[in-house]
Amino acid sequence: GEQVEQRPPHLSVPEGDSAVIICTYTDSATAYFYWYKQEPGAGLQLLMSVFSNVDRKEEQGLTVLLNKKDKQLSLNLTAAHPGDSAVYFCAVSGTNAYKVIFGKGTHLHVLP
Amino acid sequence: EAAVTQSPRNKVAVTGGKVTLSCNQTNNHNNMYWYRQDTGHGLRLIHYSYGAGSTEKGDIPDGYKASRPSQENFSLILELATPSQTSVYFCASGGLGVNYAEQFFGPGTRLTVL
Numbered sequence: 009g010e011q012v013e014q015r016p017p018h019l020s021v022p023e024g025d026s027a028v029i030i031c032t033y034t035d036s037a038t039a040y041f042y043w044y045k046q047e048p049g050a051g052l053q054l055l056m057s058v059f060s061n062v063d064r065k066e067e068q069g070l071t072v073l074l075n076k077k078d079k080q081l082s083l084n085l086t087a088a089h090p091g092d093s094a095v096y097f098c099a100v101s102g103t104n105a106y107k108v109i110f111g112k113g114t115h116l117h118v119l120p
Numbered sequence: 048e049a050a051v052t053q054s055p056r057n058k059v060a061v062t063g064g065k066v067t068l069s070c071n072q073t074n075n076h077n078n079m080y081w082y083r084q085d086t087g088h089g090l091r092l093i094h095y096s097y098g099a100g101s102t103e104k105g106d107i108p109d110g111y112k113a114s115r116p117s118q119e120n121f122s123l124i125l126e127l128a129t130p131s132q133t134s135v136y137f138c139a140s141g142g143l144g145v146n147y148a149e150q151f152f153g154p155g156t157r158l159t160v161l
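Here's what the structure looks like:
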């Protein structure tokens, strides 16, 4: 079945720098891609959804790139600030919407 | 106003006891999900539902039951709780319109089984 690998598991960046998180998936039929943010003691908050017909999406300082050839999804936080410190998860889904596979998360720490 | 709520937020149970975790959503979503989150495993799907009266097994259903009595409510039931079920449990809802695979999460329930 579908597998998702997320890297790095931990990431520290100075305030103002960019942070990049990458996920690799295995099923070429994967159609839907998501990024979630989890703050301490809270549930996952949906940041962005991307469908397979989109290569790049930008919203509010976040850039998602989808490379279908390499089966790779990335999240770029430009000019990170301490409020971005959290755990970030990628997730993918195929035609079966009930089956969403999550990456294991990246702990991002933005240093003031 | 929170659209997915869970109760209780924290629970301590004894081994062999019955535990019920409750979830309520006001998103009018058809689909609801129960996950557990453990260090090193990420999120794992326990049960899901695609409407009132339906429950389906996810990836790790053993030791858990689910109940969906209405569109808004989805419960996770541990009939005989075990220490291995100590975890953080998340409920999510989704399944509306073109973004039907998006999921919206509750704040989680921290369960400790002694």
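As you go down the protein sequences, you meet chains A and B in turn.
Take the first sequence: its letters are residues 9 to 120, numbered as in the working numbering.
Take the second sequence: its letters are residues 48 to 161, numbered as in the working numbering.
No residue lacks a Cβ here, since even glycine has one placed at the ideal position from N, Cα and C.
Whole-angstrom distance between residue j and residue i, CA atom to CA atom
i, j, result
"G111(A)", "K65(B)", "31 Å"
"R64(A)", "A87(A)", "18 Å"
"T71(A)", "V62(A)", "12 Å"
"G102(A)", "S60(A)", "10 Å"
"I124(B)", "T67(B)", "5 Å"
"G113(A)", "L90(B)", "9 Å"
"A50(B)", "F151(B)", "8 Å"
"C98(A)", "P55(B)", "27 Å"
"E126(B)", "Q72(B)", "24 Å"
Cβ of residue i within 7 Å of any chain B Cβ
i, result
"S20(A)", "no"
"F41(A)", "no"
"K112(A)", "yes"
"G51(A)", "yes"
"L54(A)", "yes"
"S57(A)", "yes"
7 Å Cβ cutoff met for residue i and residue j
i, j, result
"L83(A)", "D92(A)", "no"
"L92(B)", "D106(B)", "yes"
"Y111(B)", "E103(B)", "no"
"V118(A)", "E47(A)", "no"
"Y97(B)", "N120(B)", "no"
"G49(A)", "F137(B)", "no"
"I109(A)", "V28(A)", "no"
7 Å Cβ cutoff, residue i in contact with chain A
i, result
"E119(B)", "no"
"G155(B)", "yes"
"L90(B)", "yes"
"A36(B)", "Residue 36(B) lies beyond the residue range present for chain B, which begins at 48 and ends at 161; the question has no answer from this structure."
"E149(B)", "yes"
Secondary structure, beta strand (DSSP E): runs of 3+ residues fully inside the region 59-93 of chain A: With a minimum length of 3 residues, the continuous beta strand (DSSP E) runs that stay inside the region 59-93 of chain A are 64-67, 70-75 and 80-85.
Tell me the start and end of each unbroken beta strand (DSSP E) in the region 90-141 of chain B that is at least 3 residues and wholly inside, in chain order. Whole beta strand (DSSP E) segments, 3+ residues: 112-114, 120-125 and 134-141.
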